[in-house]
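Dropping the structure here:
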C-alpha cells in the first residue's frame with residue numbers, strides 16, 4: 001500500500017486497483033479536515049457502487065460527509081474493524097483504515113481519476 | 001448576504017500563524033479550530049482556553065437617557081442593574097420573536113451592550129428605530145476594540161498575574177475596569193459562554209495581540225489552548241446556553257426557548273411587550289434536552305416524534321465531548337417534555353431512539 005501509487009477522486013476518496021479488484025479509502029487530507037470522527041456507514045457485501053455516487057457517510061463532531069465511489073463495481077469486503085472503531089480511519093487512512101474492497105466493472109475507469117501529484121496540487125488549492 | 005471580504009479581528013494574524021483553520025462567520029474570518037474540537041473542548045473543561053470573540057458586537061451607550069432607552073428596547077429590567085453589574089437581556093420584535101440576545105453592562109456613567117456578530121446591524125437598527133425622545137447616543141465600538149474570553153477552572157489563575165486588581169472580588173456577571181500588564185485599559189467581566197468559570201476582556205484593538213500572547217504564556221502551566229468556534233459551540237451546548245439562529249430566532253418566543261426569565265412583563269411598556277404577554281400564557285413549545293441511544297448526531301432541523309406524532313424539531317445537536325453522548329436540544333410540545341419521555345429523532349431519514357433529559361447537560365463541579 002503506497003499512497004503515491006493510488007488514484008484520487010476530487011472528493012478525497014482513494015482507490016488502489018490491482019487486477020479487477022480495488023481497495024477504496026479516504027485520504028489523510030479529508031480525515032484531517034473532518035477531525036474528531038464519530039461514526040461511519042458503509043454498504044454491505046454485494047452492494048453496487050456507481051462512480052460519483054454516494055456509498056456511505058462519515059460523521060465527525062463538526063459535520064456529516066457523504067462518501068463518493070471513485071469507481072464502479074460490487075462490494076466484496078467491508079472493513080469491519082472500521083465499523084467497530086472509526087478511530088482506525090483517523091490513525092491510519094491508507095492501510096488499516098481502508099473502507100471497502102470492490103470487484104470493479106472496468107479497471108481502466110481509475111485512469112480518469114487524479115494521480116497522487118495532481119491530487120496534492122488540488123488539496124493545496126483547497127487550503128487557500 | 002455575507003460580505004465577500006470578511007473582516008479581520010486584531011488577532012487574525014496570530015490565528016493564521018498558529019494553525020487556526022479560518023472560516024467566514026457572520027462577516028468575520030474566524031478560527032473554527034486549531035487542533036481538534038474535542039481537544040480544545042477538553043482544554044477548557046480541565047484547564048483554561050482563550051477565545052477571540054472580537055467579532056461580537058460592542059456598543060457603547062452614553063447620555064442621561066441611555067438607561068431608559070435600553071429599557072424600552074430590551075426585555076429585562078435594566079433599571080435593576082447596579083453599577084458594575086451585567087444583565088442578560090433580549091431584543092424582541094413586535095410579534096414577540098427575538099432579534100438577538102445581549103448582555104447589558106452597567107459601568108460608572110455609561111452602558112455597554114454586547115450582541116451577536118450576526119445580529120449587530122439589526123441590533124443597531126432596532127435601537128435607532130426607537131431612539132426618538134431619548135437624550136443618548138449609541139457608539140459602535142466593535143471595530144476599534146477586541147474581546148478575549150479566558151475560560152476554564154484555571155481562568156482566574158491565568159488572568160490574575162496580568163491584571164492590577166484582585167479577581168477574587170469580581171463575582172459572576174460583574175464587570176470592572178482594570179489595567180492589564182500595567183498599561184492596557186480593559187473592561188474585565190466575569191462572564192462566558194462555556195459553563196466554566198471565566199472572564200471576558202474588552203481591550204483596545206491595537207493591544208489585543210500583546211494581551212493574548214501574555215495570556216498564552218501565563219496559562220502555559222495550566223495547559224492553555226486557543227479555542228476555535230467549533231469548541232465554543234460544543235462547550236455552550238453542554239451548558240445548554242442558547243445560541244441565536246438555533247434556540248433563538250425571529251419566530252421563536254423566549255418562553256418556548258427557556259429564556260422567559262429575562263422578560264420582565266411587569267416593568268412597564270417595552271418593545272414587544274404586548275405580544276410577549278400572550279406568549280407567556282401559551283408558549284406553544286418548550287426547550288428540552290434529548291439523549292440519543294446511538295452516536296449519530298441529530299443536527300438542527302431533525303424532526304422529533306413519538307408514536308408517529310410530530311412533537312417538534314432539533315435546534316442544536318452534537319456529540320458532547322465531556323458527556324460522551326449524542327445529545328440535542330429541541331423545541332417540542334410541552335406535553336411530551338417530561339424527563340424520561342421516549343421519543344424518536346429522524347436523523348437524515350433514519351429513526352433514532354432518544355429520551356428527554358434535564359437541561360443543562362453539564363454543570364461544572366462546585367469548587
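Residue numbers (the UniProt record's numbering), protein chains in the order written: chain P, 1 to 128; chain Y, 1 to 367.
Every residue, glycine too, gets a C-beta built ideally from N, C-alpha and C.
Count the other CB atoms within 10 Å of the CB of residue 59 of chain P; is the residue buried (16 or more) or exposed (fewer)? buried
Against chain Y, does residue 91 of chain P count as a neighbour if the rule is that its beta carbon must be under 8 angstroms from one of theirs? no
Beta carbon of residue 256 of chain Y, beta carbon of residue 285 of chain Y: below 8 angstroms? yes
Runs of alpha helix (DSSP H) lying entirely within the stretch 14-64 of chain Y, each at least 4 residues, in chain order: 37-46
Top-ranked residue by Cα proximity to residue 357 of chain Y, from Y:162, Y:289, Y:221: Y:289
Coarse secondary structure for residue 353 of chain Y, derived from DSSP in three states: strand
Quick check on the burial criterion: 16 or more other C-beta atoms within 10 angstroms. Buried or exposed for residue 338 of chain Y? exposed
Backbone CA spacing between residue 60 of chain Y and residue 177 of chain Y [nearest angstrom]: 15 angstroms
Top-ranked residue by Cα proximity to residue 224 of chain Y, from Y:8, Y:48, Y:14: Y:48
By the three-class DSSP mapping on this structure, what secondary structure does residue 2 of chain Y have? Summary for residue 2 of chain Y: the model assigns pLDDT 49, below 50, so the residue's position carries little reliability; its value from the coordinates is reported in the next sentence. Looking at residue 2 of chain Y - three-state DSSP - the assignment turns out to be coil, as it is neither helix nor strand.
Would you call the stretch 61-73 of chain Y and the stretch 203-215 of chain Y touching, i.e. three or more CB-CB distances under 8 angstroms? no
What in chain Y is Cβ-close to residue 125 of chain P, meaning under 9 angstroms? Residues of chain Y passing the Cβ test: none, with the nearest at roughly 16 angstroms.
Consult DSSP for residue 144 of chain Y and reduce its assignment to one of helix, strand or coil. coil
Go through the UniProt domain "Aminomethyltransferase C-terminal" (287-363) of chain Y residue by residue and report every complete run of the beta strand (DSSP E) that reaches 3 residues or more, in order. 303-306, 309-320, 325-332, 342-347, 350-357
Please name the residue, chosen from Y:246, Y:308, Y:142, that lies closest to residue 437 of chain Y on a Cα-to-Cα basis. Residue 437 of chain Y lies beyond the stretch modelled for chain Y, which goes from 1 to 367, so this question has no answer here.
Would you give the residue range spanned by the alpha helix (DSSP H) that residue 71 of chain Y belongs to? 66-73
Quick one: is residue 45 of chain Y near chain P, going by C-beta distance under 8 angstroms? no
Considering only the alpha carbon of each residue, which of Y:216, Y:258, Y:133 lies closest to residue 162 of chain Y? Y:216
Rounded C-alpha distance that separates residue 117 of chain Y from residue 6 of chain P: 44 angstroms
Which residues in chain Y sit within 8 angstroms of residue 44 of chain P, going by Cβ to Cβ distance? The contacting residues do not exist; residue 44 of chain P stays about 15 angstroms from chain Y at best.
Starting from residue 158 of chain Y and walking both ways along the alpha helix (DSSP H), at which residues does that stretch end? 155-159
So with CB distances below 7 angstroms, who are the chain Y contacts of residue 130 of chain P? The question about residue 130 of chain P has no answer here: the residues shown for chain P are numbered 1 through 128.
So that I know if they touch, is there some Cβ in chain P lying closer than 8 angstroms to that of residue 318 of chain Y? yes
Could you pull the start and end residues of the alpha helix (DSSP H) that residue 172 of chain Y belongs to? Run containing residue 172 of chain Y: none; DSSP gives neither H nor E here.
For residue 19 of chain P, three-class secondary structure by DSSP: coil
Tell me whether the beta-carbon of residue 103 of chain P lies closer than 8 angstroms to the beta-carbon of residue 56 of chain P. no
Any chance the CB of residue 149 of chain Y is under 7 angstroms from a heavy atom of the ligand HEM? The ligand HEM is not part of this structure, which contains no ligands at all.
Evaluate contact between the stretch 273-281 of chain Y and the stretch 90-101 of chain Y, counting only Cβ atoms and requiring at least three cross-stretch pairs below 8 angstroms. yes
When you compare each of Y:51, Y:309, Y:27 to residue 33 of chain Y by their alpha carbons, which one comes out closest? Y:51
Apply the 10 Å Cβ neighbour rule to residue 17 of chain Y and answer buried if 16 or more other Cβ atoms are within range, or exposed otherwise. exposed
Find out if the Cβ-Cβ distance for the pair residue 24 of chain P, residue 93 of chain P is shorter than 8 angstroms. no
Interface residues of chain Y facing residue 36 of chain P [CB-CB closer than 7 angstroms]: 36, 37, 38
Burial state of residue 8 of chain P, where buried means 16 or more other Cβ atoms lie within 10 Å: buried
Do the CB positions of residue 189 of chain Y and residue 199 of chain Y come within less than 8 angstroms of each other? yes
Please classify residue 121 of chain P as buried or exposed, where buried requires at least 16 neighbouring CB atoms within 10 angstroms. exposed
Is residue 106 of chain Y helix, strand or coil by DSSP? strand
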